[in-house]
Amino acid sequence: MDFWSRLLSPLSAGTSRQDQAKDPAKRLHRFEKEYGNLLSTWRSSTNLSRDSDAAETLEIRLQELTNILSDESRRPLPHPCIQYASIKQIYVPIGKIATTSYNEWIIKEAVLLFATLIESEEEAFVENDTFSTSLTNLLVRITGANSVRLGLDTESRVVELAFNITTKIRLDPDILPAWFKVQQPAPPPDGHGRGRAAFAGLTQRADFPLFYILMDYIHHEGKVGDFARTGLLYIIEAASSSALLEQWIVESDLSTLMATGLGALYSQLSRKLVIDHPSHDLPPILALSDYQHPTSSYEIVSSCSAEFKSHLETFLSHLLFWQDVLNHCRSVEVKSTLLEHFQVIFLQQLLYPSLLESSDIDGGSSVAVLTYLRRILESLDHPDMINLILHYLLALPDMGPSEERESSSISDARLRKSMDLATMMAERSDDAATPLLFNLVDLILACLRSRNQQTIHVTLQLVSAILKRHHRYAIITLLKTELLPRDASERTVGAHEQEIDYLMSLAGSIGGSDNLDDVYANVLKDTMSRLESHPCSLKIVAPRVSTNNRELPAIPDTPLGVPRGVRTHTLRVDDPLLNAMLDLLRTFFINPVETNLSVSETVVDLACCGYMRIDGWFARSPKTYSFADEEAADDVTDATSVASDGPESLSAALEARRGPRDAEAERLEAVDRCRRRPLWSQDAAPRLLRVLQALCDQVESYKMSIPRFEELLQQRREAFETADAMLDNPPPAHRPTPPPQMTPERPSMDEMLRTGSPPRPSAIEGIAQRLLSEMGTPSRSASPKGHRDQSRSPGALTPGTASSGAMEMMTPKAIRVPPRDFPIHHTDPGRSGSDAIRSLSPSSARSARSARSEAVFGQDERKRDSSAASQASSHAAVDQSILARRVGLPDDKLKPIALHLDRKPASGAAVTLDAGEEMEAGPEVNDADISLTALEGAEVDEEAASAGEIKVSVSHIITNVIIFQSFLLELASLMQVRAGMFDELRYV
1 MDFWSRLLSP
11 LSAGTSRQDQ
21 AKDPAKRLHR
31 FEKEYGNLLS
41 TWRSSTNLSR
51 DSDAAETLEI
61 RLQELTNILS
71 DESRRPLPHP
81 CIQYASIKQI
91 YVPIGKIATT
101 SYNEWIIKEA
111 VLLFATLIES
121 EEEAFVENDT
131 FSTSLTNLLV
141 RITGANSVRL
151 GLDTESRVVE
161 LAFNITTKIR
171 LDPDILPAWF
181 KVQQPAPPPD
191 GHGRGRAAFA
201 GLTQRADFPL
211 FYILMDYIHH
221 EGKVGDFART
231 GLLYIIEAAS
241 SSALLEQWIV
251 ESDLSTLMAT
261 GLGALYSQLS
271 RKLVIDHPSH
281 DLPPILALSD
291 YQHPTSSYEI
301 VSSCSAEFKS
311 HLETFLSHLL
321 FWQDVLNHCR
331 SVEVKSTLLE
341 HFQVIFLQQL
351 LYPSLLESSD
361 IDGGSSVAVL
371 TYLRRILESL
381 DHPDMINLIL
391 HYLLALPDMG
401 PSEERESSSI
411 SDARLRKSMD
421 LATMMAERSD
431 DAATPLLFNL
441 VDLILACLRS
451 RNQQTIHVTL
461 QLVSAILKRH
471 HRYAIITLLK
481 TELLPRDASE
491 RTVGAHEQEI
501 DYLMSLAGSI
511 GGSDNLDDVY
521 ANVLKDTMSR
531 LESHPCSLKI
541 VAPRVSTNNR
551 ELPAIPDTPL
561 GVPRGVRTHT
571 LRVDDPLLNA
581 MLDLLRTFFI
591 NPVETNLSVS
601 ETVVDLACCG
611 YMRIDGWFAR
621 SPKTYSFADE
631 EAADDVTDAT
641 SVASDGPESL
651 SAALEARRGP
661 RDAEAERLEA
671 VDRCRRRPLW
681 SQDAAPRLLR
691 VLQALCDQVE
701 SYKMSIPRFE
711 ELLQQRREAF
721 ETADAMLDNP
731 PPAHRPTPPP
741 QMTPERPSMD
751 EMLRTGSPPR
761 PSAIEGIAQR
771 LLSEMGTPSR
781 SASPKGHRDQ
791 SRSPGALTPG
801 TASSGAMEMM
811 TPKAIRVPPR
821 DFPIHHTDPG
831 RSGSDAIRSL
841 SPSSARSARS
851 ARSEAVFGQD
861 ERKRDSSAAS
871 QASSHAAVDQ
881 SILARRVGLP
891 DDKLKPIALH
901 LDRKPASGAA
911 VTLDAGEEME
921 AGPEVNDADI
931 SLTALEGAEV
941 DEEAASAGEI
951 KVSVSHIITN
961 VIIFQSFLLE
971 LASLMQVRAG
981 MFDELRYV
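Using UniProt numbering, the first residue of the sequence shown is number 1, and each one after it goes up by one.
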């Protein structure tokens, strides 16, 4: 182009391509040219895998074609390039180029071009048989075993393209025939003797290649797996609108592949496991106990391992994919086929054998399988899957025969599939054990008697998960219950208040907390939320009639809802699970902290169900009430027999006996009788309450035998409160500031709680020392802090003063040096002291006398501070030695705590001890006595350890005492909230 041409059209050289893009004709011309060059390059190259120049040219041409199509789809009509691509079927040679190139970059550009054509939503590409055949052939070839290895980005684009197709099939089921084509007729109805080949699936991959492409990627992580699983869900959802596809899915190996894939992921999980916590993030409640990190090895994997967490997360995600498939599947036959394969291949062949072969003496196999089962039950909420798992593992009786359905080709196909599955499994398992011989209940009860504390811990967690989420299955299997008649007597309000006072008195006898009422109020709120959210409480708590006198929608009766066909029941006193947990409670203070947390949680879960009455095993049975006046007891018994039908029946009975005039008086007398408190008999109390009383007696024994037990208990409670506050409100970013040199260097509370507990008993000593240095000893009257505050003069130097001033306060010589503004008058050396003083002015003399008195006072103060510092150091050392002592359970020689429970206390008065039986706080000893006692205890510990008695540190005992007190408050709140929420009390 010459100078004059450029002058006439100055922008023509730089905007020629933009003009072509705006002009449909020029855009089409450019598209045809690029497509022609593409075909020319392809035909001229004999081997693209070796001809790098030709491969690069093809990649560039494909990229140009994709850019033109993408740009045109965003412009207004007409779209001649898209029409040209549809008429000329350019996707056919492009698909061949990509499949024969074995070049990832060419494959990637070809996939992008197909995706651009589908997203254009013109010319009905997704409905075209030729387009679908070309694309499926491309996808099959590039994802097959002999194809080039694709990168993650290319693999993601391939699966995303398949997902986009399933999205369009879901929106428009008429698109399905272009992608799903049965290649052979349906199999004959006779399905006997077809062997293993028939079990693998009667269908072929060529019938629905897109389906199998997605199946190959459902186990992948990240975007690839998400696209594949969601696309497969859309195909299964589309089966409800196509009977042919529904039958094809039933006869395909979808259920087989999904079940074997789940089994493969389960097999990747470690067979042996130990439950551990990271050293850098150890919970404070474990750090302040005798917690030791369990030993892991090549075979025994720690639960903190990143690899283990990844494997478990992958397994649970695929399990949730099973649940999503069942939720999206509207076909009963497809759902039944999936569940049947889930039971036979996964439950019978993998999960149950792993439970049967587990043991707690081979390094943690019981810990592993029980943990996996708990995570499975906590992750799932689909009724059919939960019912299948628990129905099989608990060996529940099979349901009655289902209603016969009309025979169809789909049901016949499922029947043939079931027969093939049964034949194959019969060949594999000749004399395999079944849950009829050893079920999950047997395993749980055996593990609760284990000597491995981790086995007990994870078993209790499993029981808690079943009780909280699937209580209906535990009623007739895990728990021994008995039904209550409709006219069963109810607890009286007086007995209820007496039992609440009993639990609160036990909690108060431990002491150490001044705000027990505030703590209990918070526990009440938590218990209320817990009971309201329990699945068995839905129909009890939900209102029955709305405000406009119309019935509310019925609450569905699912495995997560109210137990079907189960009436109000109670727990038998000989229940093995209850007694196993009570046996664990007996050794509460020497148990590991994790075991105590689990057993207390399980006991509370046992009493959260609204259909479970607590009479007889938690609270006293009304049949055991006895009163000081036998006549009053007879009256209450008579009132009990007529109160089951309500106040109206009671009034009618009283009128028949006394006449209409005395009906109201008799009613008031009945109210008073229900408010009376029965005589408290420890023998008539349930075993749970007796165990709680025994534990409180043990606490009293510890108070008398361990010096400064209550002070150490209060310090530990304050440490936990500080840790909770720090977890709820993390401190801001720390700014480095020079620490005051007056105070000796020590770690902060945050550092103390972050350091954790090394697996040696000496860690408890270090934590105790840091705890005491941070929290101080507020209960000691002669504490260093209090002594310094009381004795220091107003002008004394504070710890925040500069280091030079602090050193001056610590040296007597510096104290005698007068201040800088003091008027100094030189005197003769021969003069006496009085003459020297008289030579000063009156004001100077007064200042000198003041300085001298201050010097004398400073010496006394220094002595007191020095003694206080040494005393604080000795106290910290003594407390550390006390916390490090190892003790066992008391010998039960202490007289039990006697409480006033037969009479109702006055309003606002706390329940006190009987006269003459006040708790002794232990002898008051000095530091030397404490040190001697600690040393003597250490010698006794060695002798007891040689005899085989279990010993734990005093620090461990203190932590468990705090857990026990919280457990008592939780039990009291549970009993109180149940009474109001489930209407369990009788007031008349």
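The C-beta atom is built at its ideal place from N, Cα and C for all residues, glycine as well.
{"Check": "For SER302, three-class secondary structure by DSSP", "Outcome": "strand"}
{"Check": "Inter-residue Cα distance where the pair is VAL224 and LEU233", "Outcome": "14 angstroms"}
{"Check": "TYR298 classed as buried or exposed, judged by whether at least 16 other C-beta atoms fall within 10 angstroms", "Outcome": "exposed"}
{"Check": "ALA433, DSSP secondary structure in three states", "Outcome": "coil"}
{"Check": "Completely contained alpha helix (DSSP H) runs for the segment 249-318, where each covers 4 or more residues", "Outcome": "254-268 and 284-287"}
{"Check": "For HIS29, the three-state DSSP class (helix, strand or coil)", "Outcome": "helix"}
{"Check": "Cα-Cα separation between PHE308 and ALA725, rounded to whole angstroms", "Outcome": "32 angstroms"}
{"Check": "Any 3 or more C-beta pairs closer than 8 angstroms across the segment 282-299 and the segment 352-361", "Outcome": "no"}
{"Check": "Opening and closing residue of the alpha helix (DSSP H) in which THR570 lies", "Outcome": "Segment 569-571 is the beta strand (DSSP E) holding THR570; no alpha helix (DSSP H) there."}
{"Check": "Of the listed residues LEU245, LEU437 and LEU713, nearest to ASP514 (C-alpha basis)", "Outcome": "LEU713"}
{"Check": "Assigned exposure category for ASN439 - 16 Cβ within 10 Å defines buried", "Outcome": "buried"}
{"Check": "Any 3 or more C-beta pairs closer than 8 angstroms across the segment 331-346 and the segment 254-262", "Outcome": "yes"}
{"Check": "Inter-residue CB distance, residue 1001 and SER134 (contact presumed, cutoff 8 angstroms)", "Outcome": "There is simply no residue 1001 to check, as the chain begins at 1 and stops at 988 in what is shown."}
{"Check": "For PHE589 and SER881, the rounded distance between their alpha carbons", "Outcome": "19 angstroms"}
{"Check": "Proximity below 8 angstroms, CB of LEU467 to CB of THR570", "Outcome": "no"}
{"Check": "ILE962 vs ARG717 beta-carbon contact at 8 angstroms", "Outcome": "yes"}
{"Check": "Three-state secondary structure assigned by DSSP to VAL952", "Outcome": "strand"}
{"Check": "Three or more C-beta pairs below 8 angstroms linking the segment 301-321 and the segment 234-246", "Outcome": "no"}
{"Check": "8 angstroms Cβ cutoff met for residue 998 and GLU601", "Outcome": "Here the chain comprises residues numbered 1 to 988, so residue 998 is not present and cannot be evaluated."}
{"Check": "Buried or exposed (CB count within 10 angstroms, at least 16 for buried), GLN204", "Outcome": "exposed"}
{"Check": "Inter-stretch contact (C-beta, 8 angstroms, three-pair minimum) for the segment 963-975 and the segment 604-616", "Outcome": "yes"}
{"Check": "Top-ranked residue by Cα proximity to PRO78, from MET504, THR295 and SER120", "Outcome": "SER120"}
{"Check": "For ARG469, three-class secondary structure by DSSP", "Outcome": "helix"}
{"Check": "Separation of LEU443 from SER303, as counted between CA atoms", "Outcome": "22 angstroms"}
{"Check": "Contacts around MET215, its chain only, beta-carbon distance under 8 angstroms, and the 5 residues preceding and following it disregarded", "Outcome": "ALA228, LEU232, LEU254 and LEU257"}
{"Check": "In DSSP terms, what THR459 is bridged to", "Outcome": "None; THR459 has no bridge partner."}
{"Check": "Residue from ALA368, MET385 and ILE361 with nearest C-alpha to GLN343", "Outcome": "MET385"}
{"Check": "Beta-carbon proximity check, ARG620 vs GLU700, cutoff 8 angstroms", "Outcome": "no"}
{"Check": "Cβ-Cβ distance between PRO435 and LEU393 below 8 angstroms", "Outcome": "yes"}
{"Check": "Given CYS447 as reference, the closest of ASN137, ASP360 and ASN67 once Cα atoms are compared", "Outcome": "ASP360"}
{"Check": "C-beta atoms of HIS457 and ILE249 nearer than 8 angstroms", "Outcome": "no"}
{"Check": "Minimum C-alpha distance to ASP574 - residue among PHE131, THR481 and ALA719", "Outcome": "THR481"}
{"Check": "Residues bridged to LEU985 (per DSSP)", "Outcome": "ARG491"}
{"Check": "Contiguous alpha helix (DSSP H) assignments of at least 4 residues, all confined to the segment 516-544", "Outcome": "516-532 and 538-541"}
{"Check": "Host beta strand (DSSP E) of THR481 (start-end)", "Outcome": "481-483"}
{"Check": "Residues that ARG690 bridges to, as DSSP identifies them", "Outcome": "Answer is none; ARG690 lacks a bridge partner."}
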